[in-house]
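Take 1 as the starting number for the first sequence in the UniProt record's numbering and just add one per residue.
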Amino acid sequence: MADDANSSTDTIIEKPSEEKPTEVKPAEVKRAWADEVDDPDEEEQPTSSTSAEKDPELNIGSLKIDENKNTEKFLDEPEEGNIKAVTGDTLYSTAVTFEDLNLSEEILKGLYVDMKFTRPSKIQSVSLPMILTPPYKDLIAQAHNGSGKTTCFVLGMLSRVDVKLRAPQALCICPTRELAIQNIEVLNKMGKYTGITSFCAIPVDRARDIPINKRSPITDQIVVGTPGTIKKWMSVKKLSVDDMKILVFDEADHMLAEDGFKDDSLRIMKDIEKSTPHCQVLLFSATFNETVKNFVSRVVKDGNQMFVRKEELSLDVVKQYKVNCPDEYAKIHVIKDKIFELGEKLGQSIIFVHTRRSADVLHKALSDYGWQCTSIHGAIEKDHRDKIVKEFKDGLTQVLISTDLLARGFDQSQVNVVVNYDLPVKYEYQSEPDYEVYLHRCGRAGRFGRKGAVFNLLCTQKEHMLMGKIENHFQNNIVEISDWQNNNEFESALKAAGLI
DNA sequence: AAAAAAG
Numbered sequence: 001m002a003d004d005a006n007s008s009t010d011t012i013i014e015k016p017s018e019e020k021p022t023e024v025k026p027a028e029v030k031r032a033w034a035d036e037v038d039d040p041d042e043e044e045q046p047t048s049s050t051s052a053e054k055d056p057e058l059n060i061g062s063l064k065i066d067e068n069k070n071t072e073k074f075l076d077e078p079e080e081g082n083i084k085a086v087t088g089d090t091l092y093s094t095a096v097t098f099e100d101l102n103l104s105e106e107i108l109k110g111l112y113v114d115m116k117f118t119r120p121s122k123i124q125s126v127s128l129p130m131i132l133t134p135p136y137k138d139l140i141a142q143a144h145n146g147s148g149k150t151t152c153f154v155l156g157m158l159s160r161v162d163v164k165l166r167a168p169q170a171l172c173i174c175p176t177r178e179l180a181i182q183n184i185e186v187l188n189k190m191g192k193y194t195g196i197t198s199f200c201a202i203p204v205d206r207a208r209d210i211p212i213n214k215r216s217p218i219t220d221q222i223v224v225g226t227p228g229t230i231k232k233w234m235s236v237k238k239l240s241v242d243d244m245k246i247l248v249f250d251e252a253d254h255m256l257a258e259d260g261f262k263d264d265s266l267r268i269m270k271d272i273e274k275s276t277p278h279c280q281v282l283l284f285s286a287t288f289n290e291t292v293k294n295f296v297s298r299v300v301k302d303g304n305q306m307f308v309r310k311e312e313l314s315l316d317v318v319k320q321y322k323v324n325c326p327d328e329y330a331k332i333h334v335i336k337d338k339i340f341e342l343g344e345k346l347g348q349s350i351i352f353v354h355t356r357r358s359a360d361v362l363h364k365a366l367s368d369y370g371w372q373c374t375s376i377h378g379a380i381e382k383d384h385r386d387k388i389v390k391e392f393k394d395g396l397t398q399v400l401i402s403t404d405l406l407a408r409g410f411d412q413s414q415v416n417v418v419v420n421y422d423l424p425v426k427y428e429y430q431s432e433p434d435y436e437v438y439l440h441r442c443g444r445a446g447r448f449g450r451k452g453a454v455f456n457l458l459c460t461q462k463e464h465m466l467m468g469k470i471e472n473h474f475q476n477n478i479v480e481i482s483d484w485q486n487n488n489e490f491e492s493a494l495k496a497a498g499l500i
């Protein structure tokens, strides 16, 4: 990463007349998310003269907002540490309010009334002007888990499509069915008053599937789905890309990784390029390792880029612990006696496991002890997967066992405990931890700056070694719980995490 | 020695 790349905003280019350009200010101050409202720095950052002319109440460049505005959401919001904006020759204004973005009345209504949003988060205020301002440059955006990336690309898609044109104009590609469903739900809620319609292109159980040749072409403006199904719809010409204006990759590092969906993603990108000269490409993720960062920077050459340093990516508000477990039995008992008994009344928990089989085994073991929980992985019937997720999101279940199916993107604000029953490892080198997946798993807790705790259950020498590498990688100290049977240790852990 | 998607 070019560390000096954050100062390239000196050239002003022609902007639409009603826009008042101000400098993109890469946040350089390190701070914990939850400190945001108490942080005196917030109010003392220099104000740019252009924004002062525009509205004396509005202090663009800092995060101060009109005091008449409801700042409730503001209090909850995570603060982005160290974003670097490489803006090339285009100057963008950061948005302090959603009104600053020239969003339509209909979209604003969806944001305020249905989403109950009051003000853009940091990533939103920086990236949305880049997305919505001509010449609609491509964008690679990295921001913390739970900081509101989905809103960025959903608003981008909603704003850029023409509701009068009954043809697909925006496409969002996700790594799992669950994420596609979640994104389309956000989209539909935010776009409720726009008249824009959407289509979810994901695999369904065969019993419910309508043969594709019997289906009519998609006329919805926005399509959200998984790579295989999108490719299938495109190949039979039921998904036209002729009018495509904006292409989004959610969890983009995984979508463009060698061992992820690279081939599918590039195929789709090229097919769109062939039939539409100017389709804006947006890549969003909380993680971009060096390899994939280099690759995506080549794929999306002339776009805007914002990255976060890896040491600042680990969420401070989500406290991480390592639990010494002498054997597998101890791991199960930690979950049974500590996570269930202490954690249950605190909210919801997700337990991550390495394989489908261990998900089944753990689920059965806990059920045999009489504990209610559910489990999800890719070998489960799709209708049932949807049901498990819905029950969990509706708060009907408290503990969900999952493979890495839900490691990325899954957004359930009530989750404040994550358990790594085993640590994620790289496929090629199983002695190397998968740092990105680790971070994504942790990110299931502490959504939008909320408190959370992660318990890593360690048994073998290898697991301790993996843990050490993770601590070293993110340069953070993970507190040890030495006695897995000690209630006091768990209680003080939960207390330190702010959960009790 | 994997997960997911999809075939």
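For every residue, glycine included, the Cβ atom is placed at its ideal position computed from N, Cα and C.
Next on the checklist: Less than 6 Å between C-beta atoms, sequence neighbours within five positions excluded: which residues of the same chain meet that for ASP383?
Outcome noted: Residue 383 sits at position 383 when you count from the first residue of the first sequence. Around ASP383: ASP205.
Item to check | Beta-carbon gap between ILE246 and GLY156 smaller than 8 Å | outcome: Looking up residue 246 in the first sequence gives position 246. Looking up residue 156 in the first sequence gives position 156. Contact: yes.
Next on the checklist: I need the straight-line Cα distance from LYS390 to ARG177, nearest angstrom please.
Outcome noted: Position 390 of the first sequence holds residue 390. Position 177 of the first sequence holds residue 177. Answer to the nearest angstrom: the Cα atoms are 13 Å apart.
Checklist entry - Are there 16 or more other CB atoms within 10 angstroms of the CB of SER367, so buried, or fewer, so exposed? => result Position 367 of the first sequence, counted from the first residue, corresponds to residue 367. SER367 should be labelled exposed.
Checklist entry - In chain order, what residues of the same chain lie with their CB nearer than 8 Å to the CB of GLU471, ignoring the 5 residues before and after it? => result Taking the first residue of the first sequence as position 1, residue 471 is located at position 471. Result list for GLU471: ASN477 and ILE478, in chain order.
Checklist entry - Taking just the CA atoms, how far does ASN324 sit from TYR435? => result Residue numbering aside, residue 435 sits at position 435 when the first sequence is read from its first letter. Residue numbering aside, residue 324 sits at position 324 when the first sequence is read from its first letter. Spanning the two alpha carbons is a distance of roughly 20 Å.
Item to check | Any 3 or more C-beta pairs closer than 8 Å across the stretch 272-289 and the stretch 239-253 | outcome: The answer is yes - the stretch 239-253 touches the stretch 272-289, with three or more Cβ pairs under 8 Å.
Next on the checklist: Taking 8 Å as the threshold (C-beta atoms), are HIS254 and PRO175 in contact?
Outcome noted: On the first sequence, position 175 is the one that residue 175 refers to. On the first sequence, position 254 is the one that residue 254 refers to. The Cβ atoms of PRO175 and HIS254 lie closer than 8 Å to each other.
Next on the checklist: On the DSSP bridge list, what partners appear for LYS319?
Outcome noted: Taking the first residue of the first sequence as 1, we reach residue 319 at position 319. For LYS319, the beta-bridge partners assigned by DSSP are ALA453.
Checklist entry - Helix, strand or coil: how does DSSP classify GLY468 here? => result Taking the first residue of the first sequence as 1, we reach residue 468 at position 468. Three-state result, GLY468: helix.
Checklist entry - How would you label PRO120, buried or exposed, when you count the other beta carbons within 10 angstroms and need 16 or more for buried? => result Here the question's residue 120 lines up with position 120 in the first sequence. That one is buried.
Item to check | Residue from TRP233, LEU179, ALA180 and LEU158 with nearest C-alpha to THR197 | outcome: Reading the first sequence from its first residue, position 197 is the one you call residue 197. Comparing Cα-Cα distances from THR197 to each of TRP233, LEU179, ALA180 and LEU158, the minimum goes to LEU158.
Checklist entry - With contact counted as at least three CB pairs below 8 Å, one residue from each stretch, are the stretch 451-463 and the stretch 356-370 in contact? => result Verdict: no, contact absent.
Checklist entry - Which residue from LEU405, HIS363, PHE410 and LYS310 puts its Cα closest to that of PRO424? => result Start at 1 with the first residue of the first sequence, and residue 424 comes out as number 424. When the alpha-carbon of PRO424 is set against those of LEU405, HIS363, PHE410 and LYS310, the nearest one is in LEU405.
Checklist entry - Hey, how far is the Cα of GLU106 from the Cα of VAL126? => result Here residue 106 refers to the residue found at position 106 of the first sequence. Here residue 126 refers to the residue found at position 126 of the first sequence. Using only the alpha carbons, I get a separation of about 22 Å.
Item to check | Cβ-based burial, ASP100 [other Cβ within 10 Å; buried from 16] | outcome: Taking the first residue of the first sequence as position 1, residue 100 is located at position 100. That one is buried.
Checklist entry - What residues in its chain sit with their C-beta under 8 Å from that of LEU256, if we drop five residues either side in the sequence? => result If you number the first sequence from 1, residue 256 lands on position 256. Cβ neighbours of LEU256 beyond the five flanking positions: PHE249, LYS262, SER265, LEU266, LEU283, VAL292, PHE295, VAL296 and VAL299.
Item to check | beta strand (DSSP E) segments (min. 3 residues) lying fully within the stretch 134-164 | outcome: Considered as a whole, the stretch 134-164 harbours 139-142 as its complete beta strand (DSSP E) runs of no fewer than 3 residues, in chain order.
Checklist entry - DSSP three-state call for GLN280: helix, strand or coil? => result Reading the first sequence from its first residue, position 280 is the one you call residue 280. In this structure, GLN280 counts as strand in the three-state DSSP scheme.
Checklist entry - In terms of alpha-carbon separation, which member of TYR438, PRO135, TYR92 and VAL223 lies closest to SER240? => result In the first sequence, the residue the question calls residue 240 occupies position 240. With distances taken between Cα atoms, SER240 lies closest to VAL223.
Checklist entry - Which residue comes first and which comes last in the alpha helix (DSSP H) that contains ALA496? => result Translated into the one-based positions of the first sequence, residue 496 becomes position 496. Its alpha helix (DSSP H) spans residues 487-496.
Checklist entry - For the stretch 333-415, which segments carrying the alpha helix (DSSP H) assignment without a break, of at least 4 residues, lie completely within its bounds, in sequence order? => result DSSP runs (the alpha helix (DSSP H)) wholly in the stretch 333-415: 356-368 and 382-393.
Next on the checklist: Can you confirm whether the stretch 369-387 touches the stretch 403-417 when touching is taken to mean that 3 or more C-beta pairs between the two stretches lie within less than 8 Å?
Outcome noted: Yes, since at least three Cβ pairs between the stretch 403-417 and the stretch 369-387 fall closer than 8 Å, the two stretches touch.
Item to check | Paired residues, beta bridge with PHE474 - DSSP | outcome: Locating residue 474 in the first sequence gives position 474, counting from the first residue. According to DSSP, PHE474 bridges with nothing at all.
Next on the checklist: For THR133, tell me which candidate among ALA167, HIS144 and LEU91 has the shortest Cα-Cα distance.
Outcome noted: Numbered from 1 along the first sequence, position 133 holds the residue referred to as residue 133. Nearest neighbour of THR133 by Cα position, chosen from ALA167, HIS144 and LEU91, turns out to be LEU91.
Item to check | Start and end residues, alpha helix (DSSP H) containing ASP271 | outcome: The sequence position of residue 271 within the first sequence is 271, counting from 1. From DSSP, the alpha helix (DSSP H) with ASP271 extends over 262-275.
Checklist entry - In or out: ILE230 buried (at least 16 other Cβ within 10 Å) or exposed? => result By 1-based counting over the first sequence, the position of residue 230 is 230. Buried, since its Cβ has 16 or more Cβ neighbours within 10 Å.
Next on the checklist: Using CA atoms only, rank isn't needed, just tell me which of GLY191, PHE474, ALA453 and ILE131 is closest to GLU312.
Outcome noted: Residue mapping note: residue 312 aligns to position 312 of the first sequence, counting from 1. Considering only GLY191, PHE474, ALA453 and ILE131, the residue with the shortest C-alpha distance to GLU312 is PHE474.
Item to check | Check whether LYS451 and LEU499 have beta carbons under 8 Å apart | outcome: Locating residue 451 in the first sequence gives position 451, where the first residue counts as 1. Locating residue 499 in the first sequence gives position 499, where the first residue counts as 1. Yes, they are a contact pair.
Checklist entry - Cβ atoms of VAL399 and ASN420: under 8 Å apart, would you say? => result Counted from its first residue, the first sequence places residue 420 at position 420. Counted from its first residue, the first sequence places residue 399 at position 399. Cβ atoms of ASN420 and VAL399: not closer than 8 Å.
Next on the checklist: With distance defined between alpha-carbon atoms, name the residue in TRP371, GLN414, SER349 and THR151 nearest to LYS336.
Outcome noted: For this step, residue 336 is matched to residue 336 along the first sequence. The shortest C-alpha separation from LYS336 is found at TRP371.
Checklist entry - Is the beta carbon of GLU432 less than 8 Å from the beta carbon of LYS322? => result Within the first sequence, residue 432 is the residue found at index 432, counting from 1. Within the first sequence, residue 322 is the residue found at index 322, counting from 1. Going by C-beta atoms, GLU432 is not nearer than 8 Å to LYS322.
Next on the checklist: Mapping the DSSP letters down to three states, classify THR190 as helix, strand or coil.
Outcome noted: Start at 1 with the first residue of the first sequence, and residue 190 comes out as number 190. Correcting the residue type first, residue 190 is Met in the shown sequence and not Thr. Under the three-state reduction of DSSP output, MET190 falls in the helix class.
Item to check | Neighbourhood of VAL353 by C-beta distance below 8 Å, restricted to the same chain and skipping five residues each side | outcome: Mapped onto the first sequence, residue 353 falls at position 353. Only ALA359, LEU362, ILE401, SER402, THR403, TYR421 and ASP422 meet the Cβ criterion.
Checklist entry - Candidates ASP209, ILE210, THR226 and SER216: which alpha carbon is nearest CYS200's? => result The residue given as residue 200 occupies position 200 in the first sequence. Answer by Cα proximity: THR226.
Next on the checklist: Give me the residue from ASN145, GLN124 and PHE98 with the minimum Cα distance to ARG447.
Outcome noted: Position 447 of the first sequence, counting from 1, holds the residue named residue 447. Ranking ASN145, GLN124 and PHE98 by CA distance to the CA of ARG447 puts ASN145 first.
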